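Just below is one structure, and these are the notes that go with it.
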Amino acid sequence: MTLNSVFYSRGTQHSVSSKDWYSEVIAGGYHAVIFDCDGTLVESSEAHFQSFQAAVRAQGQDMPRDWYFARTGLDRQSLFRAFSADVSGELDVTLAIRESIKNFIDLSSSVTAISETAELVRALGLAHPMAVGTNAELEVPTASLRATDLLKYFDCIVSISDDVAAKPAPDIFLRAKERLGFSAAETVMFEDSSGGVKAALDAGLDVFKIAHS
Numbered sequence: 030m031t032l033n034s035v036f037y038s039r040g041t042q043h044s045v046s047s048k049d050w051y052s053e054v055i056a057g058g059y060h061a062v063i064f065d066c067d068g069t070l071v072e073s074s075e076a077h078f079q080s081f082q083a084a085v086r087a088q089g090q091d092m093p094r095d096w097y098f099a100r101t102g103l104d105r106q107s108l109f110r111a112f113s114a115d116v117s118g119e120l121d122v123t124l125a126i127r128e129s130i131k132n133f134i135d136l137s138s139s140v141t142a143i144s145e146t147a148e149l150v151r152a153l154g155l156a157h158p159m160a161v162g163t164n165a166e167l168e169v170p171t172a173s174l175r176a177t178d179l180l181k182y183f184d185c186i187v188s189i190s191d192d193v194a195a196k197p198a199p200d201i202f203l204r205a206k207e208r209l210g211f212s213a214a215e216t217v218m219f220e221d222s223s224g225g226v227k228a229a230l231d232a233g234l235d236v237f238k239i240a241h242s
């Protein structure tokens with residue numbers, strides 16, 4: 030099985046199949062790689078939905094599945110604030126955030142690796158410093174990557190726990206690039222969301238936008 034992607038590179042863009050990702054990274058002379066987590070490295074959408082749903086149900090609310098999936102990619106606080114604005118009654122956003130993180134960690138054993146990106150991570154191995162950049166809190170990608178046996182490949186995880194602005198702001202990727210110690214021209218990004226791609230491009234990074242059929 031292969032995934033399709035659009036590679037935004039040095040002012041151009043072209044389609045690249047996942048079977049060619051490794052050769053593109055090598056041919057491009059990139060020395061460091063940053064990956065988004067959810068939807069890029071791991072399939073975690075159902076675990077996330079269940080964790081959010083349980084958190085609002087504990088406060089007497091219900092989060093429609095369609096409502097949630099129309100807003101994937103939002104950071105946790107923004108999503109709960111949007112939900113609070115759309116429902117009648119009170120929602121303790123701080124409590125919902127805390128409970129949803131705990132719920133997700135409890136459900137993390139159901140998270141699976143996306144085989145094409147996991148294969149790339151293993152191929153790059155120790156030869157390329159790698160980071161994860163995510164809108165989630167640190168505990169969340171850590172749980173996902175541990176569950177899929179990918180955590181050991183990454184030099185660092187940069188998240189909103191680092192007190193940086195969430196995507197589509199470029200701050201998370203700028204911080205990840207700095208931690209890896211390479212220039213933007215030497216660093217390439219893998220993302221699956223439009224907001225994440227915008228963040229990568231605004232950070233001066235070339236980026237593969239993964240398309241899920």
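Numbering (our numbering), first residue to last: 30 to 242.
For glycine and all other residues, C-beta sits at the position ideal for the given N, C-alpha and C.
Since the model is a prediction, treat every value here as computed from it, not as a measurement.
So is residue 186 buried or exposed if we call it buried at 16+ other beta carbons inside 10 Å? buried
Please list, in chain order, all residues of the same chain as residue 42 whose beta carbon is under 8 Å from its beta carbon, the five residues on each side excluded. 35 and 36
Could you please give me the residues that DSSP links to residue 187 through a beta bridge? 162
Tell me the DSSP secondary structure of residue 77 in three-state form. helix
Please classify residue 42: does DSSP put it in a helix, a strand, or coil? It is a strand residue.
Give the straight-line distance between the Cα atoms of residue 210 and residue 56, rounded to the nearest whole angstrom. 20 Å
Could you pull out every unbroken beta strand (DSSP E) segment of at least 3 residues lying fully inside the segment 55-104, listed in chain order? 61-64
Other residues of its chain near residue 174: CB distance less than 6 Å, five sequence neighbours each side excluded: If you ignore the 5 residues before and after residue 174, its C-beta comes within less than 6 Å of the C-beta of 180, all in its own chain and listed in chain order.
On the premise that residue 104 lies in contact with residue 189, defined as a C-beta separation below 8 Å, what is that separation, rounded to the nearest angstrom? 6 Å
Please classify residue 196: does DSSP put it in a helix, a strand, or coil? coil
Using alpha carbons as the reference points, say which of 191, 132, 178 and 225 lies closest to residue 151. 178
Can you give the beta carbon distance from residue 206 to residue 224, rounded, assuming they're within the 8 Å contact cut? With a Cβ gap of about 18 Å, residue 206 and residue 224 do not count as contacting.
With a threshold of 6 Å on Cβ separation, who are the neighbours of residue 108 within its own chain once the five nearest residues in sequence on each side are excluded? 100
Measure the C-alpha to C-alpha separation of residue 228 and residue 83 and round it to an integer number of angstroms. 30 Å
Nearest by alpha-carbon distance to residue 203: which of 133, 75, 39 and 64 is it? 64
Verify whether the separation of the beta carbon atoms of residue 62 and residue 217 is less than 7 Å. Yes.
For residue 231, name the three-state secondary structure that DSSP assigns. Residue 231 falls in the helix class under three-state DSSP.
Distance check for residue 166 and residue 200, CA to CA, integer angstroms please. 15 Å
Between residue 129 and the rest of its own chain, which residues show a CB-CB distance below 6 Å, the 5 nearest in sequence each way excluded? Correct list, in chain order: 80, 81 and 84.
Residues near residue 171 by beta carbon distance below 8 Å, same chain, minus five either side: 180 and 186
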